[in-house]
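Engineer:
Protein chains: 2
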Amino acid sequence: MTAAAGNHVLFTRHEAGVFEPGLFKTAADRNLASGAGDHAGVIHLGGREDLFLEGDDATHVYEVTDGVVCLYRIMPDGNRHILAFRFPGDIVGLCSPATYGYNAQAVGDTRLRRISRAGLERMIDERADFARKLLRMATAELNAMRDHLTCLASKSAEAKVADFLLMLAERSTARAGGAVVVNLPMTRTDIGDYLGLTIETVSRTISKMRRTGVIDLPRTTQVIVRSTDRLAELAGAA
Amino acid sequence: MTAAAGNHVLFTRHEAGVFEPGLFKTAADRNLASGAGDHAGVIHLGGREDLFLEGDDATHVYEVTDGVVCLYRIMPDGNRHILAFRFPGDIVGLCSPATYGYNAQAVGDTRLRRISRAGLERMIDERADFARKLLRMATAELNAMRDHLTCLASKSAEAKVADFLLMLAERSTARAGGAVVVNLPMTRTDIGDYLGLTIETVSRTISKMRRTGVIDLPRTTQVIVRSTDRLAELAGAA
DNA sequence: CATGAAATGTAACGATTTGTAATATGGGTG
DNA sequence: CACCCATATTACAAATCGTTACATTTCATG
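This is the structure:
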């Protein structure tokens, strides 16, 4: 699996001190959320399987427990735009209107915990600290999205890709001789749709980073970050 | 002032049914938020005056009552990036860590209502519906940010500017002979920093829209949208 | 291990955007 | 009313990214 299931930090960039180990940690929480004593449902999805579609009734909220989920939209011209990737510990589908505003799809094999909206409301009513927790998760998502905005707004292709790899590197706990090992469960097309670049530009950029020794690419799905500093330089300037 | 203080909708695009007329509508709400009977503080800011800076202790949350506030970051290379504009009814400074993750600055003369973090916590504890309201505002902000992401990711300069003008047009209640009148309290530089474009590109694009008759430009700070449909076309395709 | 399909990588070319610089406009002030 | 300064506009050269086309690698399957 992609991310080692250890103590990784949610939405790490630019924010120290925000650590959310998951929405429902105790069995009591899960029972409260799902109702009279039964478990919150567990969902398995294979690669490219949709969890829900834009416009669907927002009946549930999900917590990723394994794998990666991408949130995406299909634009009027047919282009796909990936709004975010969600990793273990992240929640998916928290939204204010009655319907989802985007599609959600499993990138690879994925497991999620399903929580009914009613259960969520119940917990908000019964436990004030739960409301705060939910609010913290929403603001954490806001922070992550702001970083993504910053990434998309004013940067070159090289900076975007570097920023993306850094984000993944910060999540990853895998090491190989001091270097950070980053697995890429998503395709180049996914990365392009996430960064607003074409697949060719993504490919070119990654190749250039390999040539210049910033990263190593033992497989197409695995990046070894030789120098986090140089990667940060590429992400920061120009 | 820019936006007529009427019943405008918050974060309107792509979401019907989310209507938040403001965080603290009743005097009772304000009293509960600010403490023992005194008012929540009111703040006046002139153009280009900062409300708070990135890294400041997040002691307060603000609600814009008049004018426009922009949230921005200064990038390592010195570039400024505007994350969002906030209009009357919007809240500013709601964040999970103890410090703000961005700067906030008044675009023109602006008035805000100040709410202490402690007061906010108190209201969450004492009123479950307030927690839900706050959560709804956070998710509304998420929706708005997702739209902005979509705008930045995969679009041409023309589409970005068209999308931006549409957003402002949807907020505006001013009409002139059937056409929507949009005031631009922000400079071209602001727009560029918001859309990830240079000031020249913004200027060129707006000029082209004027030439092709999509908009009229009686002053540099005022746009009259001749055809919302054609503007939407520009925003949607290519 | 061979095969084929899908994904990825490379290269040349063209379109769009940016950067530079020069000009125009407009609001504020004496 | 004229001047001045900041902002906005326009024109042209240069760089970046997208497009198209093709080669290569990877992986699932026989």
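Just so you know, the sequences run in chain order F and C.
Going by my numbering, the first sequence opens with residue 1, and the numbers climb by one from there.
Going by my numbering, the second sequence opens with residue 1001, and the numbers climb by one from there.
Think of the CB as a built atom: it goes at the ideal place given N, C-alpha and C, for glycine as much as any other residue.
Skipping 5 residues on each side, what residues in its chain have a beta carbon closer than 8 Å to that of Arg80(F)?
Structural biologist: Within the first sequence, residue 80(F) is the residue found at index 80, counting from 1. These residues qualify, in order along the chain: Tyr72, Arg73, Ile74 and Asp193.
Engineer: Is the shortest distance between the beta-carbon of His14(F) and the beta-carbons of chain C less than 8 Å?
Structural biologist: Translated into positions along the first sequence, residue 14(F) becomes position 14. Reliability fails at His14(F), whose pLDDT of 28 lies under 50, so the model's placement of it is uncertain and the value that follows must be treated cautiously. Output row for His14(F): interface = yes.
Engineer: Once the 5 residues before and after Thr59(F) are set aside, which same chain residues still bring their CB inside 8 Å of it?
Structural biologist: Residue mapping note: residue 59(F) aligns to position 59 of the first sequence, counting from 1. Excluding positions up to five away in sequence, the list reads Ser116 and Arg117.
Engineer: Which residues of the stretch 95–124 of chain F have a Cβ closer than 8 Å to any Cβ of chain C? Give them in chain order.
Structural biologist: Correct list: Cys95, Ser96, Pro97, Ala98, Gly101, Tyr102, Glu121 and Ile124.
Engineer: For Ala1174(C), which residues of its own chain have a beta-carbon under 6 Å away from its beta-carbon, when the five flanking residues on both sides are left out?
Structural biologist: The residue you call residue 1174(C) lines up with position 174 of the second sequence. Val1181.
Engineer: Anything in the stretch 1135–1163 of chain C with a Cβ closer than 7 Å to a Cβ of chain F? List those residues in chain order, please.
Structural biologist: The residues in question are Leu1135, Arg1136, Ala1138, Thr1139, Ala1140, Glu1141, Leu1142, Asn1143, Met1145, Arg1146, His1148, Leu1149, Thr1150, Leu1152, Ala1153 and Ser1154.
Engineer: Just the chain F side, please: which residues come within less than 9 Å of Leu1083(C) by C-beta, in chain order?
Structural biologist: Position 83 of the second sequence, counted from the start, is the residue given in the question as residue 1083(C). Per Cβ cutoff of 9 Å: Arg146, Leu149, Thr150 and Ala153.
Engineer: Which whole runs of the beta strand (DSSP E) in the stretch 1036–1096 of chain C are 3 residues long or more, in chain order?
Structural biologist: Those beta strand (DSSP E) runs which fall completely within the stretch 1036–1096 of chain C and span 3+ residues are 1041–1045, 1050–1052, 1060–1066, 1069–1074 and 1080–1086.
Engineer: Compute the Euclidean distance between the alpha carbons of Arg230(F) and Val214(F), then round it to the nearest angstrom.
Structural biologist: Within the first sequence, residue 230(F) is the residue found at index 230, counting from 1. Within the first sequence, residue 214(F) is the residue found at index 214, counting from 1. Approximately 7 Å, taken between the alpha carbons.
Engineer: Would you be able to state if there are at least three C-beta pairs under 8 Å between the stretch 1159–1175 of chain C and the stretch 1199–1217 of chain C?
Structural biologist: Short answer: they touch.
Engineer: Who are the near neighbours of Arg1188(C) in its chain, counting only those whose CB is closer than 7 Å to its CB and skipping five residues on each side?
Structural biologist: Sequence index remark: in the second sequence, residue 1188(C) carries index 188 (1-based). Taken in chain order, the residues that qualify are Ile1199, Val1202 and Ser1203.
Engineer: What does the alpha-carbon distance come out to for the pair Leu142(F) and Leu112(F)?
Structural biologist: Position 142 of the first sequence, counting from 1, holds the residue named residue 142(F). Position 112 of the first sequence, counting from 1, holds the residue named residue 112(F). Those two C-alpha atoms are separated by around 21 Å.
Engineer: Determine, using beta carbons only, whether Arg73(F) comes closer than 8 Å to chain C.
Structural biologist: Along the first sequence, one-based indexing puts residue 73(F) at 73. Yes, its Cβ sits closer than 8 Å to a Cβ of chain C.
Engineer: Just how far apart, CA to CA, sit Ser96(F) and Asp77(F)?
Structural biologist: Stepping through the first sequence from its first residue, residue 96(F) is reached at position 96. Stepping through the first sequence from its first residue, residue 77(F) is reached at position 77. Distance between the alpha carbons of Ser96(F) and Asp77(F): 27 Å.
Engineer: What residues are listed by DSSP as bridge partners for Asn103(F)?
Structural biologist: Taking the first sequence and counting its residues from 1, the one referred to as residue 103(F) is at position 103. For Asn103(F), which the question treats as bridged, DSSP gives the partners Tyr72(F).
Engineer: Would you grab the beta carbon distance between Val61(F) and Phe85(F) for me? Rounded to a whole angstrom, and I think it's under 8 Å.
Structural biologist: Numbered from its first residue, the first sequence carries residue 61(F) at position 61. Numbered from its first residue, the first sequence carries residue 85(F) at position 85. Not confirmed; about 17 Å, so no contact.
Engineer: Answer with yes or no whether the minimum CB distance from Pro240(F) to chain C is below 8 Å.
Structural biologist: Past the boundaries of the shown model lies residue 240(F); chain F is included only from 1 to 238, so the question cannot be answered.
Engineer: Which first and last residues belong to the beta strand (DSSP E) in which Thr220(F) is found?
Structural biologist: Along the first sequence, read from residue 1 onward, the residue named residue 220(F) stands at position 220. Taken as a continuous stretch (DSSP letters only), Thr220(F) belongs to no beta strand (DSSP E), as it is neither H nor E.
Engineer: Ala174(F) CB to nearest chain C CB: under 8 Å?
Structural biologist: Reading the first sequence from its first residue, position 174 is the one you call residue 174(F). By this cut-off, Ala174(F) is not an interface position.
Engineer: Would you list, in sequence order, the uninterrupted alpha helix (DSSP H) runs of no fewer than 4 residues that lie entirely inside the stretch 1162–1236 of chain C?
Structural biologist: Listed in chain order, the complete alpha helix (DSSP H) runs (minimum 4 residues) inside the stretch 1162–1236 of chain C are 1188–1195, 1199–1211 and 1228–1236.
Engineer: Under DSSP, the beta strand (DSSP E) around Arg1113(C) begins and ends at which residues?
Structural biologist: Taking the second sequence and counting its residues from 1, one reaches residue 1113(C) at position 113. Here the beta strand (DSSP E) through Arg1113(C) covers Thr1110 to Ser1116.
Engineer: Are Phe1052(C) and Gly1093(C) closer than 8 Å when you measure CB to CB?
Structural biologist: As a first step, residue 1052(C) must be located in the second sequence, where it is residue number 52. As a first step, residue 1093(C) must be located in the second sequence, where it is residue number 93. Yes.
Engineer: Under the three-state reduction of DSSP, which class applies to Ala98(F): helix, strand or coil?
Structural biologist: Translated into the one-based positions of the first sequence, residue 98(F) becomes position 98. Coil.
Engineer: For Gly1035(C), collect the residues of the same chain with a Cβ closer than 7 Å to its Cβ; drop the 5 residues on either side in sequence, then sort them by chain order.
Structural biologist: Counting from 1 along the second sequence, the entry for residue 1035(C) is found at position 35. Note that Gly1035(C) scores a pLDDT of 45, beneath 50, so its modelled location is shaky; the value from the coordinates is reported in the next line. Counting only Cβ-Cβ distances below 7 Å, and skipping sequence neighbours, we find Gly1119.
Engineer: Are the CB atoms of Leu1135(C) and Ala144(F) within a distance shorter than 8 Å?
Structural biologist: Taking the first sequence and counting its residues from 1, one reaches residue 144(F) at position 144. Taking the second sequence and counting its residues from 1, one reaches residue 1135(C) at position 135. Contact: no.
Engineer: Find out if the Cβ-Cβ distance for the pair Ala1131(C), Ile124(F) is shorter than 8 Å.
Structural biologist: Here the question's residue 1131(C) lines up with position 131 in the second sequence. Here the question's residue 124(F) lines up with position 124 in the first sequence. In contact: Ala1131(C) and Ile124(F) (Cβ atoms closer than 8 Å).
Engineer: For the alpha helix (DSSP H) holding Lys133(F), just list the boundary residues, first then last.
Structural biologist: Against the first sequence, residue 133(F) aligns to sequence position 133. Residues Ala128 to Ala153.
Engineer: Have a look at Arg1211(C) and Arg1226(C) and give me their C-alpha separation to the nearest angstrom.
Structural biologist: The residue you call residue 1211(C) lines up with position 211 of the second sequence. The residue you call residue 1226(C) lines up with position 226 of the second sequence. Near 12 Å, if we compare the C-alpha coordinates of Arg1226(C) and Arg1211(C).
Engineer: Got a sec? Which residues, its chain only, sit under 7 Å from Asp57(F) by beta carbon, not counting five neighbours each side?
Structural biologist: Locating residue 57(F) in the first sequence gives position 57, where the first residue counts as 1. These residues qualify, in order along the chain: Ala98 and Thr99.
Engineer: Verify whether the separation of the beta carbon atoms of Thr1110(C) and Val1064(C) is less than 8 Å.
Structural biologist: As a first step, residue 1110(C) is located in the second sequence; it is residue number 110 there, counting from the start. As a first step, residue 1064(C) is located in the second sequence; it is residue number 64 there, counting from the start. Contact flag set, yes.
Engineer: Given that Arg1086(C) touches chain F, what residues does it touch there, using C-beta distances under 8 Å?
Structural biologist: As a first step, residue 1086(C) is located in the second sequence; it is residue number 86 there, counting from the start. Within chain F, no residue comes near Arg1086(C); the closest Cβ sits about 13 Å away, beyond 8 Å.
Engineer: Report yes or no: is there a C-beta of chain F within less than 8 Å of the C-beta of Ala1169(C)?
Structural biologist: As a position in the second sequence, residue 1169(C) is number 169, starting the count at 1. No, its Cβ sits nowhere closer than 8 Å to a Cβ of chain F.
Engineer: Could you name the residues of chain C that Arg211(F) contacts, counting a contact when the two beta carbons are closer than 7 Å?
Structural biologist: Here residue 211(F) is taken as the residue at index 211 of the first sequence, counted from 1. By Cβ distance, chain C contributes nothing, its closest Cβ being about 24 Å from Arg211(F), past 7 Å.
Engineer: Taking Arg132(F) as the query, report the chain C residues whose CB atoms sit under 8 Å from its CB, ordered along the chain.
Structural biologist: For the purposes of this step, residue 132(F) is taken as residue 132 along the first sequence, with counting starting at 1. The contacting residues are Glu1121, Ile1124 and Ala1131.
Engineer: Going along chain F, which residues have a C-beta under 8 Å from Ala1128(C)?
Structural biologist: As a position in the second sequence, residue 1128(C) is number 128, starting the count at 1. Ile124, Asp125, Ala128 and Ala131, listed in chain order.
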